[in-house]
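**Student:** The sequence shown lines up with residues -18 to -1, 1 to 485 when you count with mature numbering (1 follows the signal peptide of the UniProt record, and there is no 0).
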Amino acid sequence: MLVTLVLVVTAIVTAVYAYSRYRHNYWAARGVPTAPNLLPLIGHFHTQFVVSKKKPRWLYTDEAYYHGGSWLCGTYDKFKPVLMIGDPDIVKAVLIKDFDHFVDRRKAVFASKRDKIFSGILTVLTGEQWKGVRSLLSPIFTSGKMKGLFRLVEQKADELTAYIHREIKANSKIKIRKAFGFYSLEVISSCAFGMETNTLADGDSIFNQKVQAMSKISTGRVIKFLFFMLFPKLFQALGVNLTVPETEFFKEVVEEAMRKRENQEHKRGDFLDLMMEARKDQNNPNAKPNKYTITDELVVSNAILFILAGFDTTANTLCFVAYMLALNPEEQQRLRQEVRDIIKDEGELTYQGLLGAKFLDAVINETLRLHPTAHFTERQCTKDYTIPGTNVTLRAKDMVMIPVWSIHRDEKHWPEPEKFRPDRFLPENKDQIRSGTFLPFGLGPRNCIGMRFALMEAKLALAKMVLNFEMSCEPGKEEIDMDSSIGLMRPSEECSLIFTPLE
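See below:
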C-alpha cells in the first residue's frame, strides 16, 4: 500500500514537473533568454512579492535585465509568458510607434460591489473605452488648467513650511514621509475633492487616517492579493473584496461634494469642478461627439484615482528629492539661488517662473531617474506583433514589461549612473539623453495623465523648502532607508532629515 502511494505521488510530481518544464520553455523555444530565479509552476511570480530590504523586487528585475543583455528577457507570471524589453528603440516602438498593438494595461477584474467603483478609473480601462475617457479627461490637465490651480497648491506649500517650522521647535529632525504625505494629502483633498482637511495645521485628520488605511500595504492585504493572483476565478466567483472599507468613505465624500456643487455659481476651479464642467459640456450640441460619456460614477471613480495615483507617488518623490539635496549641499544651494533669483525678477513665485526654473526641473528629473516611484511599467499586446529587428512574435494578450529602474541606471545610457548629477537634464545637455531611456511617467499616449500637476505640486513644495530651510542628513544616515513592502519604491516611515531654518 505504501509503495503504491509513493509511486502514485512520484508519478503526479513527475507529470506536474514535466508540464511545468513544457510551459516554461516558451521563451527558450523562441531564442529569448529566460530570466533567473524560475520556479516550477509559479515561474517568476514569487519575485513580484519580495519584501526583503536586502533584495527588493527591482533588483530581481535588474538581474533579468542584464541576463537578457539589457535587450530582451523572458519571464513567467505562473505559466503566462511576460517579455521584458530593455532596448530603448523597442521601448519606443511599444509605447509610441506601434501603440495600437499595446493600448491596454494588465486587465483588472472587479467582482465585488465595493470594488466596482474602480472599474471606471482611467488606469484600468481598455481599448476604445480607454481612448474615449482619456479624450474626455485630457483637457482637464492642460497647462492653462494647471495655472488656474497654482495658487491653491501654493497655499498648501506655505502650510507645509509652517508645519515644519512648528515641528522643529521641539525637534529639528523631521520624518519626511509623514510631512510630505500630509502635504500631498492636503493638495489632493483641496484640488480633487474641494475639501479643507487641515491635516498640516492639526497634525492629523480623519481624511488622513482614511487615506493611510487605504494605502497601507498590510500583511493581510498582501496575502489576499497573492491568493487573488493565484486563483482569480475563485475570488471572482465568491465576490471577495480586494479594496478596503475606507473606499466607501471617499465615494460618499465625492458624491456629497457633487451634490453641493450642482447649483453653485461660485467655482473653486479644482479638478472636481473641472470634471463636472466636462460632464456638462458634453451635452453641448456643438461639442465634439464622444461615444463615452462622463457619468457621475466616472467622476467619482477618477476623483478617487487622485488618491491612489497622486498621494503616495508625489510624497515619495518629494522625500527622495529632499534626501538627494541633503546629501548634495552644493546642489541644494544652487537650487536655492535659482529660486531666489526668480523671486527677485518677478516679485513672487509665479506659475511661469516655476516653469522656467531649469535647475529645479533638472533636480527633480535626476531624482526620478535614480528613484522612479513606479520602477516598472507593463502593457498588454492586443494583436499579434513581431518585435522589431527580431523573429520574436507576441500573441494577443501576451504581456510586455519595461524595467524602468534598470534602464535608468544602465551605464550604457547614463555615465556614472549611481551619481546624482542634475546637470544631465539642463537644456544644453538634454540632447545627450537617448530617447526611450527616461520613463518616470511612461511614454506615449498612455503616459501619466497627471504629470503636469504632479510636477507643479513637487516644484512648489521644493521651492518653499529651500527658501526656508537647510536640509541635511543625520550623522551616520547618509543612505536612504527604503520601505520593504511591495508596490511602489518608497522610503521607510522612519526616514528623517534635519531641517535648519534660514535667516
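Backbone N, C-alpha and C define an ideal beta-carbon position, used for all residues, glycine too. Computed from a prediction, not measured in an experiment: that's the story for all the values here.
#1: Identify every residue that forms a DSSP beta bridge with R361.
#2: Going by DSSP, what residue range makes up the beta strand (DSSP E) through V106?
#3: Which residue comes first and which comes last in the beta strand (DSSP E) that contains E452?
#4: Tell me where the alpha helix (DSSP H) around M240 begins and ends.
#5: Run through the stretch 148 to 174 for me and flag every whole alpha helix (DSSP H) of 4 or more residues, listed as ranges in chain order.
#6: When the Cα of Y333 is compared with those of K129, E461, P399, which residue comes out closest?
#7: Report the start-end ranges of each beta strand (DSSP E) in the stretch 378 to 464 that is 3 residues or longer and not cut off at the edges.
#8: Please say whether F407 and I415 have beta carbons closer to each other than 9 Å?
#9: Strictly by DSSP, which residues pair up with L21?
#10: For S466 and K37, I'd like the C-alpha separation in whole angstroms.
#11: Output the boundary residues of the beta strand (DSSP E) element that contains L54.
#12: Would you tell me roughly how many angstroms separate the C-alpha atoms of D323 and S172, rounded to the nearest one?
#13: Taking 8 Å as the limit between beta carbons, can you name the residues of its chain near D86, skipping five residues before and five after?
#14: DSSP state of V64, grouped into three classes?
#15: Within a Cβ cutoff of 7 Å, which residues of the same chain sit near I72, ignoring the five residues on either side of it in sequence?
#16: If you follow the alpha helix (DSSP H) that P70 is in, where does it begin and where does it stop?
#17: Do I99 and I276 have their C-beta atoms closer together than 9 Å?
#18: Give every residue of the same chain whose Cβ lies closer than 8 Å to the Cβ of C455, excluding the five residues on either side of it in the sequence, and list them in chain order.
#19: Would you say Y58 and G25 are within 9 Å of each other, going by their C-beta atoms?
#20: Who pairs with D86 in a beta bridge, going by DSSP?
#21: Can you give me the start and stop residues for the beta strand (DSSP E) that T482 sits inside?
**Tutor:** Let me lay it out:
#1: V382
#2: It is not in any beta strand (DSSP E) - V106 carries neither H nor E in the DSSP assignment.
#3: 451 to 454
#4: 228 to 243
#5: 158 to 173
#6: K129
#7: 381 to 384, 451 to 454
#8: yes
#9: G25
#10: 9 Å
#11: 54 to 59
#12: 29 Å
#13: T108, G109, W112, R361, Q362, T364
#14: strand
#15: I369, P370
#16: 70 to 74
#17: no
#18: Y305, A308, L309, L479, I480
#19: yes
#20: Q362
#21: 478 to 483
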